[in-house]
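In the numbering used here, the protein residues as written are 9 to 763. Notes follow the structure.
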Amino acid sequence: MRSSLGGPRVLLRRLREVMAEPVSAQARLDKIVTVIAANMVAEVCSFYVMRADNTLELFATEGLKREAVHMTTMKAGEGLVGLIAHQAEPLNVQDAQHHPAFSYRPETGEEIYQSFLGVPVLRSGNTLGVLVVQNRAHRLYTDEEVEALQTTAMVLAEIIAAGELKSLARPGTDIAFTRSLALTGQPLSDGVGLGYAVMHEPRVVISNLIADDTAKEQKRIDEAVADLRASIDQLVDRGDVLHGGEHREVLETYRMFANDPGWTRRLREAVQTGLTAEAAVERVQSDNRARMLRQTDPYLRERLHDLDELANRLLHRLLGRDMIDGRVILPDNAILIARSMGPAALLDYDRSKLRGLVLEEGGPTSHIAIVARALGIPAVGTVENITGLVEAGDAIIVDGGAAQVQVRPQSDIEDAYKEKARLRARRQEQYRSLRDVPSVTKDGVPITLNLNAGLLIDLPHIEDTGAAGIGLFRTELQFMVSTRMPNANEQIAFYRTVLDAAHKKPVTFRTLDIGGDKILPYMRTGEEENPALGWRAIRIGLDRPGLLRAQLRAMLKAAKGHDLRVMFPMVATVDEFDRAKVIVEREINHLERYGHDLPNSIKLGVMVEVPSLLFEIDEISQRADFLSVGSNDLMQFLFAADRENPMMAARFDPLSPACLRALKKIADAGTRAGIPVTLCGELGGRPIEAMTLIGLGYRSLSMSPASIGPVKAMLIELKAAGIADHIDTLLDKSNGAPSLRPHIESFAQAHGIPV
Ligand code: PEP
Ligand code: MG
9 MRSSLGGPRV LLRRLREVMA EPVSAQARLD KIVTVIAANM VAEVCSFYVM
59 RADNTLELFA TEGLKREAVH MTTMKAGEGL VGLIAHQAEP LNVQDAQHHP
109 AFSYRPETGE EIYQSFLGVP VLRSGNTLGV LVVQNRAHRL YTDEEVEALQ
159 TTAMVLAEII AAGELKSLAR PGTDIAFTRS LALTGQPLSD GVGLGYAVMH
209 EPRVVISNLI ADDTAKEQKR IDEAVADLRA SIDQLVDRGD VLHGGEHREV
259 LETYRMFAND PGWTRRLREA VQTGLTAEAA VERVQSDNRA RMLRQTDPYL
309 RERLHDLDEL ANRLLHRLLG RDMIDGRVIL PDNAILIARS MGPAALLDYD
359 RSKLRGLVLE EGGPTSHIAI VARALGIPAV GTVENITGLV EAGDAIIVDG
409 GAAQVQVRPQ SDIEDAYKEK ARLRARRQEQ YRSLRDVPSV TKDGVPITLN
459 LNAGLLIDLP HIEDTGAAGI GLFRTELQFM VSTRMPNANE QIAFYRTVLD
509 AAHKKPVTFR TLDIGGDKIL PYMRTGEEEN PALGWRAIRI GLDRPGLLRA
559 QLRAMLKAAK GHDLRVMFPM VATVDEFDRA KVIVEREINH LERYGHDLPN
609 SIKLGVMVEV PSLLFEIDEI SQRADFLSVG SNDLMQFLFA ADRENPMMAA
659 RFDPLSPACL RALKKIADAG TRAGIPVTLC GELGGRPIEA MTLIGLGYRS
709 LSMSPASIGP VKAMLIELKA AGIADHIDTL LDKSNGAPSL RPHIESFAQA
759 HGIPV
């Protein structure tokens, strides 16, 4: 084979004509392979499609025996074609039959062909098929030919994605692109949701693959790349923390990739083969993805996201669209799919239409998980490559409790989940029937079950769960969903609404816990290497007392005629609490001086979530009116394990001796000082953990609304004295065990306690 006839651009133009012809899917494929073979002066051109059973099936051929079409199959990894699919990389060999992976298929009659060039048909990094050309003569195909075949493969990927080939699959088989997938991640928010995929950051859909004028496309890509570089330079120079929360480090990575000569060269080459500028970006990115997805190094895989993001920015530029598009309009029954998402972004969506959430990142104590739970949206995190495996509009089922995601499920699977959802609804009904049952253990110990809340949408839950009050009101959530800093009157009105909705049930407001991953878009806080350990929560409050003072004043005014309970987040030293109290006292004096009515009572508490406080627990207990354990942060800092990092999510068990002793120490200190101790981290909302906490001496827990029913169902069957003895014994004999969970579970089982 010499150089191809007319080159790739002529080929693409021919393909475009074939695509437009009103013929059957099979006839179109037959024509396509004929056109490719003729253009590339190849004796053979064959197209294999990946089936759902991970088998490649010959769908069309020019040159091999026609009888082999839909008959010849091979497993991914088997033969040269299988090898290409497996490695997702082109294979170019002069002497195919002597390649170690060669497997002979007599029905095809391919023994006479020596040279072999095959490329994967990729979409979003996933292999959908393999395209092959073969020649009799011994020869190595040129780089241009490899490139041309890859470009052609992209057209075939579009045909597959358009669903045109579904009907051609052999009866009883499915093509891989539409196959059902069962994926597992980590449980973020309980519940079962059925619906259709909506991409949080939709990939740009490219409708025009084939260029009319390559020189024009070349110019477009060059300009877009230059433009992209300039915009990134500008962002880096401004040192901005952007809307999406991008930090300097990420921008520096973008800058590095955007200036990588290899990337721009490959983009230009792809345009040279006759693609439009947009299609060239997609082509290059699909190769990148395929390569990166096979990496096991998490750092390199993370870079894949940076490259994806960069490609996406380039596409937006080419299409003249703003990156920060308006919100996607949700269909009914939407399952939101995202790589990662901040809590504020989730709150922007219309809750009434969201049926589920699936993330590539996100651990169970991340803030997005907390917000998903508060909204009652079933959610699963850490689902690998979900944004690459799902197309907008795909049917998806999310099972938050089991951490399962079903993509394009078969009808029997769908029926099973519908049944599960029905059962769950019935169980919820039973929990609701517990609403007015007193929250008292079997041996008569009252346990206060409070709600965690933060937004107006949470307020009706006080009524419908029968909670004793609000144990943690995360005031920062309201700040996070605002486009600007809420002013004094807005804050007063908001806190008053909360207190009124509680109908005299106690509400514990937590002062602003911003910083870490909770960023206010309108407040610049500067870059930090380790934001979770940085300038956040009460630290900001004490350093910039203006903000804290304004918030406290608003709370004091709003609570006129009510009891006011306020607690401070992330207190690390006794002195910090003392200083916060001084600020409160000053505000009280100020209001008194100007004749304002004050709350009926004011109680000031401390969140115990920084381990240093464990070693001053008696001193802090003497000063505080109450303690509230923030177990999410306490666990994170106790074990030095980032709560937002899914790789850490299951690594350390809160039911470990270390954690239980820490929790016991806090409960005991409260008893000694005669002040109430509650716990408001996610721990308190899980029945088995809640049972353990009762055993450790906790008499008050605060949790998301959906947890109240299951926790109450547990405790009304529990004898507090029994679990206390059991936990004491277990702690005495723990002897280095990483977790006491199995023993605690056996206790629950032996005593018939529903956990
Ligand atoms: C905690 O840390 O456990 C807590 C309740 O606060 P947040 O999750 O808002 O940090
Ligand atoms: Mg916290």
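Here a beta-carbon is modelled for each residue, glycine too, at the ideal position from N, C-alpha and C.
> How would you label Ala387, buried or exposed, when you count the other beta carbons within 10 angstroms and need 16 or more for buried?
Replying inline: Counted from its first residue, the sequence shown places residue 387 at position 379. Flag for Ala387 reads buried.
>> Suppose only complete runs of 3+ residues qualify. What are the beta strand (DSSP E) ranges in the region 469-547, listed by chain order?
In response: The beta strand (DSSP E) runs lying completely inside the region 469-547 and spanning 3 residues or more are 478-482 and 515-518, given in chain order.
>> Let's see if you can read the secondary structure: which residues bound the beta strand (DSSP E) around Met207?
In response: To locate residue 207, count along the sequence shown from 1; it is residue 199. Annotation: the continuous beta strand (DSSP E) that includes Met207 extends over Val200 to Met207.
> CB of Pro577 to nearest heavy atom of ligand 2: below 7 Å?
Replying inline: The residue you call residue 577 lines up with position 569 of the sequence shown. Checking every heavy atom of ligand 2 against the Cβ of Pro577, one is found closer than 7 Å.
>> By alpha-carbon positions, which one of Gly523, Ser215, Glu172 and Met264 ends up nearest to Leu323?
In response: The residue given as residue 323 occupies position 315 in the sequence shown. Closest by alpha carbon: Ser215.
> With distances taken from CA atoms, which of Ala184, Arg22, Ser447 and Pro619 is nearest Asp61?
Replying inline: In the sequence shown, the residue the question calls residue 61 occupies position 53. It is Ala184 whose Cα lies nearest to the Cα of Asp61.
>> On a Cα-Cα basis, can you pick out the residue from Val515, Ala319, Leu726 and Ala109 that is closest to Gly87?
In response: As a position in the sequence shown, residue 87 is number 79, starting the count at 1. When C-alpha distances from Gly87 are compared across Val515, Ala319, Leu726 and Ala109, the shortest belongs to Ala109.
> Which runs of the alpha helix (DSSP H), 4 residues or longer, sit entirely within the region 36-122?
Replying inline: DSSP runs (the alpha helix (DSSP H)) wholly in the region 36-122: 87-95.
> For ligand 2, is there a heavy atom less than 7 Å away from the beta-carbon of Asp641?
Replying inline: Looking up residue 641 in the sequence shown gives position 633. Under cutoff, so the answer is yes.
> What residue does the beta strand (DSSP E) around Leu572 start on, and which one ends it?
Replying inline: Your numbering for residue 572 matches position 564 in the sequence shown. Counted as a single uninterrupted DSSP element, the beta strand (DSSP E) harbouring Leu572 occupies residues Asp571 to Phe576.
> Which ranges does the alpha helix (DSSP H) cover as unbroken runs of at least 4 residues, wholly within the region 258-314, from first to last along the chain?
Replying inline: List check, alpha helix (DSSP H) in window: 269-280 and 285-301.
> What is the DSSP secondary structure of Gly389, counted as helix, strand or coil?
Replying inline: Residue mapping note: residue 389 aligns to position 381 of the sequence shown, counting from 1. Note: Gly389 maps to strand in three-state DSSP.
>> Run through the DSSP bridge pairs and tell me what Pro750 is partnered with.
In response: Stepping through the sequence shown from its first residue, residue 750 is reached at position 742. In the DSSP output, where bridge partners are listed per residue, Pro750 has none listed.
> So is the beta-carbon of Ile674 under 7 Å away from any non-hydrogen atom of ligand 1?
Replying inline: Numbered from its first residue, the sequence shown carries residue 674 at position 666. False, no ligand heavy atom lies under 7 Å from that Cβ.
> Any heavy atom of ligand 2 closer than 7 Å to the Cβ of Glu652?
Replying inline: Position 644 of the sequence shown, counted from the start, is the residue given in the question as residue 652. The answer is no for Glu652.
>> Out of Gly371, Leu383, Val506 and Thr373, which one is the CA nearest neighbour of Gly364?
In response: Locating residue 364 in the sequence shown gives position 356, where the first residue counts as 1. Ranked by Cα distance from Gly364, the options Gly371, Leu383, Val506 and Thr373 are led by Leu383.
>> With distance defined between alpha-carbon atoms, name the residue in Glu317, Pro539, Ala380 and Asn497 nearest to Thr261.
In response: The residue you call residue 261 lines up with position 253 of the sequence shown. Of the listed residues, the one whose Cα sits closest to Thr261 is Glu317.
> What is the C-beta distance between Leu189 and Phe265, in whole angstroms, given that I count them as a contact (C-beta under 8 Å)?
Replying inline: In the sequence shown, the residue the question calls residue 189 occupies position 181. In the sequence shown, the residue the question calls residue 265 occupies position 257. Taking 8 Å as the upper bound for CB-CB distance, Leu189 and Phe265 are not in contact here, some 30 Å apart.
>> Rounding to the nearest angstrom, what Cα-Cα distance links Ile394 and Gln644 in this structure?
In response: For this step, residue 394 is matched to residue 386 along the sequence shown. For this step, residue 644 is matched to residue 636 along the sequence shown. Approximately 27 Å, taken between the alpha carbons.
> Looking at C-beta atoms only, is the number of pairs between the region 686-703 and the region 724-735 that lie closer than 8 Å three or more?
Replying inline: By the Cβ rule, the region 686-703 counts as touching the region 724-735, because three or more pairs are nearer than 8 Å.
> The alpha helix (DSSP H) with Lys679 in it runs from where to where?
Replying inline: As a position in the sequence shown, residue 679 is number 671, starting the count at 1. As written in the sequence, residue 679 is Thr, which differs from the Lys given in the question. It spans Pro665 to Ala681 - the alpha helix (DSSP H) in which Thr679 sits, taken as one unbroken run.
> Measuring CB to CB, does Leu704 end up less than 8 Å from Leu671?
Replying inline: As a working mapping, residue 704 is identified with position 696 in the sequence shown. As a working mapping, residue 671 is identified with position 663 in the sequence shown. Annotated as proximal: Leu704 and Leu671, with beta-carbon spacing under 8 Å.
>> As a quick exercise: from Pro16, Gly717 and Leu612, pick the residue whose alpha carbon is nearest that of Arg587.
In response: Taking the first residue of the sequence shown as 1, we reach residue 587 at position 579. Looking at the Cα atoms, Leu612 is the closest of the given residues.
> Counting Cβ pairs closer than 8 Å, one from the region 477-495 and one from the region 448-466, do we hit at least three?
Replying inline: The region 477-495 vs the region 448-466: in contact.
> Among the residues of its own chain, which have a CB less than 7 Å from the CB of Asp198, if the five just before and after it don't count?
Replying inline: As a position in the sequence shown, residue 198 is number 190, starting the count at 1. Pro386, Gly408, Gly409 and Ala714, listed in sequence order.
>> Restricting to Cα atoms, I'd like to know which of Gly370, Ala234, Val406 and Ala278 is closest to Arg321.
In response: To locate residue 321, count along the sequence shown from 1; it is residue 313. The residue with the shortest Cα to Cα distance from Arg321 is Ala234.
> If Ala93 sits next to Met58, beta carbons under 8 Å apart, how far is it from one beta carbon to the other, in whole angstroms?
Replying inline: Locating residue 93 in the sequence shown gives position 85, counting from the first residue. Locating residue 58 in the sequence shown gives position 50, counting from the first residue. Yes, Ala93 and Met58 are in contact; Cβ-Cβ is about 6 Å, under 8 Å.
>> Using the three-state DSSP reduction, which class does Gln414 fall into: helix, strand or coil?
In response: Residue numbering aside, residue 414 sits at position 406 when the sequence shown is read from its first letter. If DSSP states are grouped into helix, strand and coil, Gln414 belongs with the strands.
> Arg594: which of Leu202, Pro577, Ala558 and Val141 sits nearest, CA to CA?
Replying inline: In the sequence shown, counting from the first residue as 1, residue 594 sits at position 586. The option with the nearest alpha carbon to Arg594 is Ala558.
> Can you tell which of Leu19, Leu136, Val129 and Glu75 has the C-alpha that lies nearest to the C-alpha of Glu152?
Replying inline: Translated into the one-based positions of the sequence shown, residue 152 becomes position 144. A check of alpha carbon separations from Glu152 across Leu19, Leu136, Val129 and Glu75 identifies Leu19 as the nearest.
> Between which two residues does the alpha helix (DSSP H) carrying Val590 extend?
Replying inline: As a working mapping, residue 590 is identified with position 582 in the sequence shown. Looking at the DSSP string, the run of the alpha helix (DSSP H) that includes Val590 is Val582 to Arg601.
>> Going by DSSP, what residue range makes up the alpha helix (DSSP H) through Gly371?
In response: Locating residue 371 in the sequence shown gives position 363, counting from the first residue. Per DSSP, Gly371 lies in no alpha helix (DSSP H) and is assigned neither H nor E.
> Taking 7 Å as the line, does the beta carbon of Gly689 fall inside it for any heavy atom of ligand 1?
Replying inline: Your numbering for residue 689 matches position 681 in the sequence shown. Yes, Cβ of Gly689 sits closer than 7 Å to a heavy atom of ligand 1.
>> Quick check on the burial criterion: 16 or more other C-beta atoms within 10 angstroms. Buried or exposed for His604?
In response: As a first step, residue 604 is located in the sequence shown; it is residue number 596 there, counting from the start. Here His604 is exposed, its C-beta having fewer than 16 other C-beta atoms within 10 Å.
> Taking the continuous alpha helix (DSSP H) assigned at Val719, which residues delimit it?
Replying inline: Residue mapping note: residue 719 aligns to position 711 of the sequence shown, counting from 1. For Val719, the uninterrupted alpha helix (DSSP H) run begins and ends at Pro713 to Leu723, by DSSP.
> Roughly how many whole angstroms lie between the Cα atoms of His511 and Asp571?
Replying inline: In the sequence shown, residue 511 corresponds to position 503, counting from 1. In the sequence shown, residue 571 corresponds to position 563, counting from 1. Taking the straight line from one Cα to the other gives about 11 Å.
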